[in-house]
Amino acid sequence: MKARATIADALLRDQALARNCLLLAGFVGTIAAAWTGFSHPRAWWLLVLFVPLLVAATVDLFQTHHSLRRNYPASARFRWFFEWLRPFLRSYIVESDLDGRPFNHDERALVYARAKGDVSTHPFGTELDVYSEEYEWLAHSIAPSRHAEKYTRVTVGTDQCSKPYQAARLNISAMSFGALGANAIEALNLGAKIGGFYHDTGEGGLSPYHLKHGGDVVWEIGSGYFGCRDSQGNFDPAHFRERAANDAVVMTEIKLSQGAKPGHGGLLPGSKVTAEIAKIRDIPQGEDCLSPPYHTAFSTPRELLEFAANMRELSGGKPVGIKLCVGYPHELFAVVKAMLTTGILVDFIVIDGAEGGTGAAPTELSDRVGMPLREGLILARNALVGTNLKGKVKLAASGKVNSGAAIAMNAALGADWCNAARPFMFSLGCVQSMRCHTDTCPTGVATQSAARQRGLVVPEKAERVARFQKATLDALHDIVVACGLTSPDGFTPDGLRQRVNAAEMRSIDEVYPFVEPGELIDGARDARLAAWWRAADPESFARRS
365 MKARATIADA
375 LLRDQALARN
385 CLLLAGFVGT
395 IAAAWTGFSH
405 PRAWWLLVLF
415 VPLLVAATVD
425 LFQTHHSLRR
435 NYPASARFRW
445 FFEWLRPFLR
455 SYIVESDLDG
465 RPFNHDERAL
475 VYARAKGDVS
485 THPFGTELDV
495 YSEEYEWLAH
505 SIAPSRHAEK
515 YTRVTVGTDQ
525 CSKPYQAARL
535 NISAMSFGAL
545 GANAIEALNL
555 GAKIGGFYHD
565 TGEGGLSPYH
575 LKHGGDVVWE
585 IGSGYFGCRD
595 SQGNFDPAHF
605 RERAANDAVV
615 MTEIKLSQGA
625 KPGHGGLLPG
635 SKVTAEIAKI
645 RDIPQGEDCL
655 SPPYHTAFST
665 PRELLEFAAN
675 MRELSGGKPV
685 GIKLCVGYPH
695 ELFAVVKAML
705 TTGILVDFIV
715 IDGAEGGTGA
725 APTELSDRVG
735 MPLREGLILA
745 RNALVGTNLK
755 GKVKLAASGK
765 VNSGAAIAMN
775 AALGADWCNA
785 ARPFMFSLGC
795 VQSMRCHTDT
805 CPTGVATQSA
815 ARQRGLVVPE
825 KAERVARFQK
835 ATLDALHDIV
845 VACGLTSPDG
855 FTPDGLRQRV
865 NAAEMRSIDE
875 VYPFVEPGEL
885 IDGARDARLA
895 AWWRAADPES
905 FARRS
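Counting from 1 along the sequence shown, just add 364 to a position and that's the residue number in this note's numbering.
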């Protein structure tokens, strides 16, 4: 039987000097500094350096939790230091301008420049590889438009809605109070007020910070029904009616799922449920707050539409929509089929892509669950066009929208407007430190720390929010003019080109199927679309056999 290793083995065997160099340095330095200090008083200051080193190395040698620190006293700590430093070194030193994820340096720099009012033009030509399979572009016209209106808006509201809303082409996507701090929410809402666009609350409830400055608000209602729930966590019509009547609330939105964590709820620990959050969310202070992955107010497509119609009535006729990251195509088709069979329409649908962001989500859900925006948006466009509902029911896109080109490309796929979250965070000063879930955001955006939020000055950041949105729409207008159109509504799939390989390009409607008006009802040419339509059941989200 092998003898148990001893401290002597650790200190004297198997590259002992290399492994224990800092322990030895701390010990020798401490003895030398103490000995020399009797004759040279200034030498006592060396103890400030060597004693902590000796203590740290000794603790590492005897602790039992980390084998690396146990075998390499003190020196192993440098691994954790560089692991902590790695994201910053990679972002600022190692990565090229186009390599970063989820947003590269050039994408962030564009937002920063527009938010600050700096020049956002680019010298010396594109840095993109135009022969890469990832390259895509918009077709321009020999005859640029002379009559394109600069800032067009979208009328949201079917004939079942008595208070339609005029939505901007770019708005602030869902970000809850709690995920973002109060100053960040205030700055976003004030920026929306200045720029004339809307601010989605996220599912964390309608907070005072969303309402303080009077910017247009879209109140998102998730499965937790925060701000409109009873003591059992179910939807409370009276609470909803009272708060939805606020003039700042211009639309309401039912969140079915989100791109970064589709089909997943969340738990806010009771220790974080302050009196303020408890009041906003209608939950008990100090108790765990569960947002389940499923809704209790409905369980079928028909019930979903009936719930939406009830919300529209309770809000006084304001538009109501749904937001989802597409999973099974037949489920989305089932909702559209239910609209045909019941006659109940939602006023808008927001498609969130799997590339969307969030403060915190399980890695597997972020990386491997949910449909990317492009495929989800095309599917929703086909569902509405193929049933003659496109135009009545408006369609919005959410997921990595940071430029006028992104808005134009989504418009070519069927989106009437776009929402963005992280780019608006960049406009507030976010530096993509990837610490949203730790409450230690260095710029005071994604944190509840009063000390860190102090760095975010609301009036100044609100101006940046408004400037970024306006400059992005200015860029969109330039693209509309270059493409010979009069508004973003004119973009079509044949004007968006995708490189298939270095020697071949195709328009996007040659890559994906795009149906003609009414085609799903009459019988889709594409076999997959036809199969999904047959599998859709307006009375159930289950696949029809």
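Backbone N, C-alpha and C define an ideal beta-carbon position, used for all residues, glycine too.
Cβ-Cβ separation, residue j to residue i (assumed contact under 8 Å), whole Å
i: A420; j: A438; result: 5 Å
i: H577; j: K557; result: 5 Å
i: G819; j: T802; result: That belief does not hold up - the Cβ atoms of G819 and T802 are roughly 16 Å apart, past 8 Å.
i: K764; j: K527; result: That belief does not hold up - the Cβ atoms of K764 and K527 are roughly 31 Å apart, past 8 Å.
i: Y529; j: V614; result: 5 Å
i: L860; j: A776; result: 4 Å
i: P657; j: S587; result: 7 Å
Which of helix, strand or coil DSSP assigns to residue i
i: E950; result: Outside the shown range of the chain (365 to 909) lies residue 950, about which nothing can therefore be said.
i: E567; result: coil
i: E667; result: helix
i: F541; result: strand
i: S851; result: coil
i: E617; result: strand
i: Y529; result: strand
i: N783; result: strand
i: Y476; result: helix
i: E500; result: strand
i: A761; result: strand
i: Y573; result: helix
i: I708; result: coil
i: V637; result: coil
i: Y456; result: helix
i: S655; result: strand
i: F878; result: coil
i: L688; result: strand
i: F599; result: strand
i: R377; result: coil
i: M365; result: Low confidence applies here, because M365 scores a pLDDT of 49, under 50, leaving its location unreliable and the question unanswered by this model.
i: T519; result: strand
i: S730; result: helix
Straight-line gap, residue i to residue j (C-alpha atoms, nearest Å)
i: D646; j: L688; result: 24 Å
i: V423; j: G481; result: 53 Å
i: Q596; j: I644; result: 16 Å
i: M365; j: A372; result: In this predicted model, M365 has a pLDDT of only 49, less than 50, meaning its place in the structure is not dependable; the value taken from the coordinates is given anyway. Distance between the alpha carbons of M365 and A372: 19 Å.
i: V700; j: L748; result: 7 Å
i: Q833; j: A551; result: 13 Å
i: T490; j: A624; result: 30 Å
i: A548; j: S571; result: 12 Å
i: F446; j: L432; result: 15 Å
i: V637; j: A784; result: 27 Å
i: L696; j: A479; result: 36 Å
i: I641; j: D838; result: 38 Å
i: D858; j: R816; result: 48 Å
i: Q427; j: L554; result: 52 Å
i: R434; j: P648; result: 45 Å
i: F790; j: A830; result: 12 Å
i: D901; j: V582; result: 30 Å
i: G717; j: L759; result: 13 Å
i: E497; j: W896; result: 29 Å
i: A532; j: H430; result: 54 Å
i: F788; j: T727; result: 23 Å
i: T856; j: I885; result: 22 Å
i: R465; j: S455; result: 9 Å
i: A507; j: H841; result: 15 Å
i: A891; j: F488; result: 46 Å
Sub-8 Å separation of residue i and residue j beta-carbons
i: Q796; j: R472; result: yes
i: I761; j: L741; result: A quick correction: the sequence has Ala, not Ile, at residue 761. Cβ atoms of A761 and L741: closer than 8 Å.
i: I771; j: L544; result: no
i: F662; j: L654; result: no
i: P877; j: L893; result: yes
i: T616; j: S679; result: yes
i: R889; j: A899; result: no
i: L792; j: K756; result: no
i: G734; j: G691; result: yes
i: V505; j: C800; result: Residue identity check: residue 505 is Ser in the sequence provided, not Val. Not closer than 8 Å, so no.
i: P693; j: E719; result: no
i: V520; j: D711; result: yes
i: A698; j: F905; result: yes
Bridge-paired residues (DSSP) for residue i
i: M869; result: R863
i: A372; result: Answer is none; A372 lacks a bridge partner.
i: D580; result: Y562
i: D716; result: S762
i: N535; result: N783
Proximity test, residue i beta-carbon vs the ligand GDP heavy atom, cut-off 7 Å
i: Y573; result: Absence of the ligand GDP is noted for the structure shown, with no ligands found whatsoever.
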